[in-house]
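Each remark here refers to the structure printed beneath this line.
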Amino acid sequence: MIKVAGYCRVSTDKEDQANSFASQQRYFQEYIAQNPNWELYEIYADEGTSGTSTRKRVQFNRMIQDAREGKFQLILTKEVSRFSRNIVDTLSYTRELKRIGVAVEFVTDHINTMDSDGELRLSIMATIAQDESRKTSNRVVWGQTRQMEKGVVFGRSLLGYDVKNGKLSIEPEGAKIVRQIFQKYAVEQVGTAEIACFLNREGHRTYHGSKWKSGAIIKILKNEKYVGDLVQKKTYTPDYLTHEKCTNKGQVPQIRIENHHEPIISREIWNMAQKRMAQNNKHGAGDCGHSNRYVFSGKIKCALCGASFVGRIKKLKDGTKVRRWSCGTAVNEGTDGCDIGKLVRDDDAMNMLKLAVRSLSLDVKPIIVNITALALDAIQAGESGVTDAPEQLRFELDRLQHKKEAVIDHYFSGDISKEDMLAMKKRYEDQERSFRERLEKAEVKQQQGSDTAQLKQAIQAEVTDLLNFQVESEVLSKTLLNSLTVFQDKHMELRLNDLPMVFRFAE
Ligand SMILES: [Zn+2]
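FYI, the numbering for the sequence shown is 78 to 584, going by our numbering.
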């Protein structure tokens, strides 16, 4: 008998019967009953139906611990996207479990980690899901970008400015400190640490209530809001699965609007401060770009001497450029080198990789479904809040307009006094203003909603193309390719990650 554990996420929402504990329990019991060699050990259930929405996964951790202690040999779970916090975690758990002889079966996805290509399918999913969520976050940013172009401020209040309804207004007390900082730094040439000491001595605290330090002073000096400019998207989230923020260095569009709002300091002083900072600070801020190494870097091996092949750009007669790989020891000048003498063109190597992957005839459907779910899940985890329906608000605005006109008619026909007319008109106008504000918010939200539906389609189409190798993905290729070994008789052997088989290519 094989002892089997079940893992699920249960909904605490009474409306959501499909994800209740009772229903999930029934599901696993029925599934296990189909196999006479299986025996239910325990069903582990955590609250929360979304993969990313749950921080505490007490039962999940307990299950992993029990698995390590050998209490069962198989874990059943419905979908890849619901197993762990993110797909990268999932992959590391399934690998660890596999090593200790515990299989994981994702029932609706038809993936079992003990199957020959189970791991491979999971790692493809992991790679693309990460890449997709990065791209998707860029697309989401795109929607916000249009709002930003209109000058709507996405951000919080800061020292010297209050942000309310997407607008900045000067807060006098804070503005005074900001002016002092710029004055001391740009005009009096005082150092940032000294300015911090001064402010602390005077009993001032930062906007967040902590003591002033050099770094906080620099932040103020770098903030272009103080000169009246608005730059948005200084950071972005390249990977919605890990939610890490990166400095935007042009990866996503940055919006800059000059003289957007009332400045606290003059442009002259701002420029002086920037100049001084540039002189003092030669090293740049942290970056987190993606590695630009080529797919085949370090992956093509020489069977004769064991070295890695090195890529060189070669211009062909017709003017096109190709990257050609040759044995690393052979191209190093001053060494005897190896005489394998074989050149591998980048596009040929890529074709071999494609052929190998296509020959697997992977069941890509569940992969696509999961990646889409993962990418969307990760984005939506950050959004919440209910807003009005825009149609309703437009209707209300229309009605107010009619009411306003009617009031004036009544006044002219002598039904009401001028005072009454003005009072009523003002009331309607106040209502109108508040409705307009709500409508603006609702429209943004509605736009995001329809963006999500479009996103889903876009992701599905993109992932389908990727998996069929209609478009080449550097990330996916790197995940898939283990090595390409070149032999002296010119035949080559390609290996994929997580798979035992060898693909042989003759010259
Ligand atoms: Zn060699």
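Idealized CB from N, CA, C, for every residue including glycine.
* Asked: Could you give the residue range of the alpha helix (DSSP H) that holds Y488?
  -> Judged by DSSP secondary structure, Y488 falls within the alpha helix (DSSP H) whose first and last residues are P467 to F489.
* Enumerate in chain order the residues of its own chain whose CB-to-CB distance from T319 is below 6 Å, with the five nearest sequence positions on each side excluded. => The predicted position of T319 is uncertain, since its pLDDT is 44 and thus under 50; a value taken from the coordinates is nonetheless stated next. Within the same chain, T319 has no close Cβ partners at all.
* Asked: Looking at N447 and M202, is the spacing between their C-beta atoms short of 7 Å?
  -> yes
* To do: Determine, using beta-carbon pairs with one atom in the segment 576-583 and one in the segment 383-398, whether at least three such pairs fall under 8 Å.
  => no
* Report the three-state DSSP secondary structure of G388 (helix, strand or coil). => Secondary structure at G388: strand, using DSSP grouped into helix, strand and coil.
* Asked: If you measure from the CB of T406, is any heavy atom of ligand 1 nearer than 6 Å?
  -> yes
* Asked: How many angstroms separate the CA atom of E146 from the CA atom of V179?
  -> Taking the straight line joining both Cα atoms gives about 11 Å.
* To do: Quick one: using the 10 Å Cβ neighbour count with 16 as the cut-off for buried, is S287 buried or exposed?
  => exposed
* Which whole-angstrom value describes the C-beta separation of D423 and F373, a residue pair presumed to lie in contact below a C-beta threshold of 8 Å? -> Confirmed, about 7 Å.
* Near G83, what residues of its chain come up, given a Cβ to Cβ distance below 6 Å and the 5 sequence neighbours on each side ignored? -> F105, I120 and L153
* Asked: Of the choices G375, F546 and N348, whose alpha-carbon is the least far from that of S439?
  -> First, the amino acid is wrong: residue 439 is Leu here, not Ser. Here the closest residue by C-alpha is F546.
* For A263, which residues of its own chain have a beta-carbon under 7 Å away from its beta-carbon, when the five flanking residues on both sides are left out? -> I346, M349, A350 and R353
* Environment of P249 [buried if 16+ CB atoms lie within 10 Å] -> exposed
* To do: Would you mind stating whether L66 and T204 have Cβ atoms separated by less than 7 Å?
  => The requested residue 66 is not part of the displayed model; the chain covers only 78 to 584.
* Using the beta-carbon count (16 or more within 10 Å), is P113 buried or exposed? -> Its Cβ having fewer than 16 others within 10 Å, P113 is exposed.
* Nearest CA to the CA of H337: which residue from G243, A535 and Y108? -> G243
* Name, in chain order, the residues that DSSP records as bridge partners for E116. => Note: E116 sits in a beta bridge opposite K80.
* To do: Determine, using beta carbons only, whether F149 and K80 come nearer to each other than 7 Å.
  => yes
* Closer than 7 Å by C-beta to D566: which residues in its own chain qualify, once you throw out the five before and the five after it? Chain order, please. => none
* To do: Have a look at E584 and M427 and give me their C-alpha separation to the nearest angstrom.
  => Rounded to the nearest angstrom, the two C-alpha atoms are 15 Å apart.
* **Those residues which DSSP pairs with Y238 across a bridge** => Its beta-bridge partners are L235 and I247.
* Proximity test, I417 beta-carbon vs ligand 1 heavy atom, cut-off 6 Å -> yes
* Range of the contiguous beta strand (DSSP E) that encloses S403 -> K398 to C404
* **Inside the segment 264-296 only - beta strand (DSSP E) runs reaching at least 3 residues** => none
* Terminal residues of the continuous alpha helix (DSSP H) containing D110? -> Note on identity: in this sequence residue 110 is Ala, with Asp being the wrong assignment. Residues F98 to A110.
* Buried versus exposed call for M78 [16 or more other C-beta atoms within 10 Å across all chains shown] -> exposed
* Asked: Taking just the CA atoms, how far does F183 sit from F137?
  -> 15 Å
* Asked: For G361, which residues of its own chain have a beta-carbon under 6 Å away from its beta-carbon, when the five flanking residues on both sides are left out?
  -> Caution applies to G361, whose pLDDT of 38 falls short of 50 and renders its modelled position unreliable; the value that the coordinates give is listed next. Hits under 6 Å: none found.
* Looking at the structure shown, is K378 part of a helix, part of a strand, or coil, going by DSSP? -> strand
* **Straight-line Cα distance separating V157 from S130** => Per-residue confidence for S130 stands at a pLDDT of 43, beneath the threshold of 50, marking its modelled position as unreliable; no derived number is given.
* Asked: By the 10 Å Cβ neighbour count, where 16 or more other Cβ atoms means buried, how is T556 classified, buried or exposed?
  -> buried
* Going by the C-beta, is C382 closer than 6 Å to any heavy atom of ligand 1? -> yes
* Terminal residues of the continuous alpha helix (DSSP H) containing E432? -> Position check: residue 432 holds Leu in this sequence, whereas Glu was assumed. Looking at the DSSP string, the run of the alpha helix (DSSP H) that includes L432 is D423 to S436.
* To do: Give me the Cα-Cα distance between R86 and L470, rounded to the nearest whole angstrom.
  => Each residue's Cα considered, the two are about 38 Å apart.
* In angstroms, rounded to a whole number, what distance separates the CA positions of T167 and V135? -> 16 Å
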